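Protein chains in written order, with the working numbering: chain A, 190 to 501; chain B, 36 to 461.
Note that CB positions come from ideal geometry on N, CA and C, so glycine has one too.
If you're wondering where the values come from, they're calculated on a predicted model, not measured in any experiment.
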């Protein structure tokens, strides 16, 4: 069974079967990255363009490595967002890239809906959302769930705390959509200035107190404070933010003994997470990065080659 | 030319008339109303299936000339108005250069005269260059033909300047039109702040941004006695506040756009930029409050905020795209479908909203079909079904979210000073 849509624009559009398919495919691809020759010819002759309008280290290189390990060609285009007519050039760029017949474009953009716009103009190319403004970052949520499932039997019934700058976080939105879909109990936590309106409508609990969020948590997901998207004052100082919402060993005691700690990166050490914690045993932050490659391999494969037999 | 409109239902709230009457137009004026025996030399139009109303007035349009003639000109805007059933339009001052002096006012009137279709009434700026700092020469502009003042789109933030503008406006008895938006609270948002904006990941605009300015304006109007007119009202609280202020006798009026009583923020799907405007589309509960305000008389008029933009300015991501939609060619049909057919207001009330009240606010000497009045007449065919097709618009722009909508009730004929400037062809 392939994916229904030719594009991956958001978690919102995926049903549970498709999510299972992506996760299972990811698991089967994980092994490739542990081989000494880390390359299979599955997507040989296919090409991926990474169209990045925002800086990125992890996501961009993760897509690039994923493509290469499946034998596809990949090129990176980094465009500074400083140009005046960004949207206009997005469509023009899309049409131009389309003319070179790539199979997939992975796009990251500071504006919500940019991948949707591109998808309207690129009729024969699959668009993958690699993060659009404050909207969604679907592959991040998928790799997060894959990582959780490496440590927990099932998502259903799990208590997940998501802490930090919820308002500006596409990672939070995609994770909430995915975790709720899969039956987790999600509690989001942050200062009221960084919780967007009607966030409860996702089917999550909202609290301003980290203790309440962490108590009984199986998974603690810390978010980066997104200084680049914060246009005005949301908290008085980094010091106070860390005191209220930063994660350290002390606060971690409120969570379950078996709890794992996650972070989508890049980490602002000392703002949202204590450096020693990021490297502690219950931190799975680097496993997330490893799983990122597998998930992106699966997404590229399913969007492009699902009809062909996998040649691993 | 003498023109006889035969057998129509004349609806004129200024005379409290709503009955089947013939209407005779001679020398650009209403010559007679009643049972009229036709003469051979007259031009006779059978309007027996139609509503005959005093000419509709759209008191909030952007004609873009001078400066952005690629979006709209006074001529193309006049053609759109005529086709939309409007006999008069009031154009906003945010042109390039700004209409903040009599020379620009005269230029607009000269161009409108050359277009020779609808009456174009310029609205002047409150402050020079719409900067909110120094009052523009309001007296000079009024002398040249300005019918109201506004810094539309760049609302006056400084409360003292707003107070002075309201005081000063009393010399000329012109309304001060305010686009209510507290810029700090609007926080550079792009749509209504709600669960919908949260899910789309688009920065929201709090209702409070509008409501605070509405409250400010009622208070300043009360202490100054100046007439304030709230442009494109959009939230439940704003309407409630205006209702209360009116009860207290404050000189406040307000208008609503057709999109704010027909659409809500849940209609924004797939980041379609034709649903992006200021004020933004609000929640369904706000729309409900708008309908109540329309039916109970709190809302005085319907104005389109016709805001033409080129394709390029809309073919962008939602946050980058220009704000606003065009509206003159769909307003009457939307109002008929959503307000008359759904029994929100009576036909007589609709005519008040489109003609009697805007005339009262702007003092244009129109809005009536009394004998001797200027023969500006809007004729509506309540049975005419249309499918909105942006390709057929007279406007130069196409930024309209209603493309493909099926609506019933449409302008049949538009008459200005006794001359037929538009007739629906079927």
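Which value, in whole angstroms, describes the spacing of the CA atoms of residue i and residue j?
| i | j | result |
| --- | --- | --- |
| residue 445 of chain A | residue 242 of chain A | 39 Å |
| residue 462 of chain A | residue 300 of chain A | 27 Å |
| residue 294 of chain A | residue 256 of chain A | 11 Å |
| residue 227 of chain B | residue 320 of chain B | 12 Å |
| residue 267 of chain A | residue 239 of chain A | 8 Å |
| residue 210 of chain A | residue 280 of chain A | 32 Å |
| residue 274 of chain A | residue 102 of chain B | Its pLDDT being 46, under 50, residue 274 of chain A is placed unreliably in this model, and the coordinates cannot settle the point. |
| residue 265 of chain B | residue 184 of chain B | 12 Å |
| residue 176 of chain B | residue 163 of chain B | 12 Å |
| residue 462 of chain B | residue 257 of chain B | Any question about residue 462 of chain B goes unanswered here, given that chain B covers just 36 to 461. |
| residue 436 of chain A | residue 365 of chain B | 56 Å |
| residue 201 of chain A | residue 364 of chain A | 10 Å |
| residue 268 of chain B | residue 277 of chain B | 10 Å |
| residue 301 of chain B | residue 438 of chain A | 43 Å |
| residue 259 of chain A | residue 288 of chain A | 23 Å |
| residue 290 of chain A | residue 232 of chain A | 15 Å |
| residue 334 of chain A | residue 409 of chain A | 12 Å |
| residue 271 of chain A | residue 418 of chain B | In this prediction, residue 271 of chain A scores a pLDDT of 46, lower than 50, which makes its location untrustworthy; the coordinate-derived value is nonetheless stated afterwards. One C-alpha to the other measures close to 53 Å. |
| residue 379 of chain B | residue 424 of chain A | 47 Å |
| residue 77 of chain B | residue 457 of chain B | 19 Å |
| residue 383 of chain B | residue 281 of chain B | 21 Å |
| residue 126 of chain B | residue 450 of chain A | 59 Å |
Between the options, which lies nearest to residue i when the distance is taken from Cα to Cα?
| i | options | result |
| --- | --- | --- |
| residue 354 of chain B | B/225, B/189, B/297, B/386 | B/225 |
| residue 391 of chain A | B/50, B/431, B/299, B/229 | B/229 |
| residue 371 of chain A | A/364, A/344, A/397, A/351 | A/344 |
| residue 305 of chain B | B/277, B/232, B/359, B/269 | B/232 |
| residue 11 of chain B | B/447, B/80, B/453 | The first residue shown for chain B is 36 and the last is 461, placing residue 11 of chain B beyond what the model contains. |
| residue 271 of chain B | B/245, B/189, B/293, B/283 | B/245 |
| residue 341 of chain B | B/412, B/218, B/313 | B/313 |
| residue 335 of chain B | B/308, B/74, B/426, B/92 | B/92 |
| residue 80 of chain B | B/382, B/43, B/66, B/193 | B/43 |
| residue 430 of chain B | B/242, B/60, B/96, B/58 | B/96 |
| residue 359 of chain A | A/320, A/476, A/470, A/218 | A/320 |
| residue 326 of chain B | B/338, B/356, B/404, B/374 | B/374 |
| residue 355 of chain A | A/325, A/400, A/234 | A/325 |
| residue 88 of chain B | B/368, B/113, B/47, B/262 | B/47 |
| residue 351 of chain B | A/212, A/334, A/306 | A/306 |
| residue 243 of chain B | B/261, B/235, B/317 | B/317 |
| residue 362 of chain B | B/90, B/37, B/110, B/116 | B/116 |
| residue 394 of chain B | B/434, B/149, B/249, B/288 | B/288 |
| residue 389 of chain A | A/398, A/399, A/377, A/383 | A/377 |
| residue 299 of chain B | B/389, B/437, B/214 | B/437 |
What are the boundary residues of the beta strand (DSSP E) that includes residue i?
| i | result |
| --- | --- |
| residue 121 of chain B | 121-126 |
| residue 447 of chain B | 441-451 |
| residue 155 of chain B | 154-157 |
| residue 455 of chain A | Here residue 455 of chain A belongs to no beta strand (DSSP E), and DSSP marks it neither H nor E. |
| residue 445 of chain A | First-last for residue 445 of chain A: undefined, no H or E at that position. |
| residue 94 of chain B | 91-96 |
| residue 177 of chain B | Residue 177 of chain B -> not in any beta strand (DSSP E); alpha helix (DSSP H) instead, spanning 173-179. |
| residue 185 of chain B | 183-185 |
| residue 290 of chain B | 287-291 |
| residue 211 of chain B | 210-213 |
| residue 79 of chain B | 78-81 |
| residue 456 of chain B | 454-458 |
Who does residue i pair with in a DSSP beta bridge?
| i | result |
| --- | --- |
| residue 69 of chain B | B/57 |
| residue 418 of chain B | According to DSSP, which records beta bridges pairwise, residue 418 of chain B is partnered with nothing at all. |
| residue 436 of chain A | A/462 |
| residue 318 of chain A | A/296 |
| residue 43 of chain B | B/56 |
| residue 116 of chain B | Partner(s): none; residue 116 of chain B has no beta bridge. |
| residue 88 of chain B | B/413 |
Consider the C-beta atom of residue i and the heavy atoms of the ligand COA; say whether any pair is separated by less than 8 Å.
| i | result |
| --- | --- |
| residue 321 of chain A | As presented, the structure is devoid of all ligands, the ligand COA included, so that no description of it is given. |
In terms of residue numbering, what span does the alpha helix (DSSP H) encompassing residue i cover?
| i | result |
| --- | --- |
| residue 129 of chain B | Where residue 129 of chain B is concerned, there is no enclosing alpha helix (DSSP H), given that its DSSP letter is neither H nor E. |
| residue 305 of chain A | 303-310 |
| residue 36 of chain B | Careful: residue 36 of chain B lies outside any alpha helix (DSSP H) and carries neither H nor E. |
| residue 218 of chain A | 205-219 |
| residue 474 of chain A | 474-493 |
Could you give the uninterrupted runs of the alpha helix (DSSP H) lying entirely in the segment 229-267 of chain A, keeping only those of 4 residues or more?
If we require 4 residues or more, the alpha helix (DSSP H) runs fully inside the segment 229-267 of chain A come out as 247-258.
Could you name each continuous alpha helix (DSSP H) segment of 4 residues or more that falls completely within the segment 224-281 of chain B, going from the start of the chain to the end?
230-235, 242-259
Starting from the N-terminal side, write out each stretch of the beta strand (DSSP E) that is 3 residues or longer and does not extend beyond the segment 323-353 of chain A.
348-352
Complete beta strand (DSSP E) runs within the segment 355-425 of chain A (minimum length 3 residues, chain order):
Counting only runs of 3 or more, we get 374-378, 394-396, 408-411.
4 or more residues per run - each alpha helix (DSSP H) lying fully within the segment 298-340 of chain B
DSSP runs (the alpha helix (DSSP H)) wholly in the segment 298-340 of chain B: 319-331.
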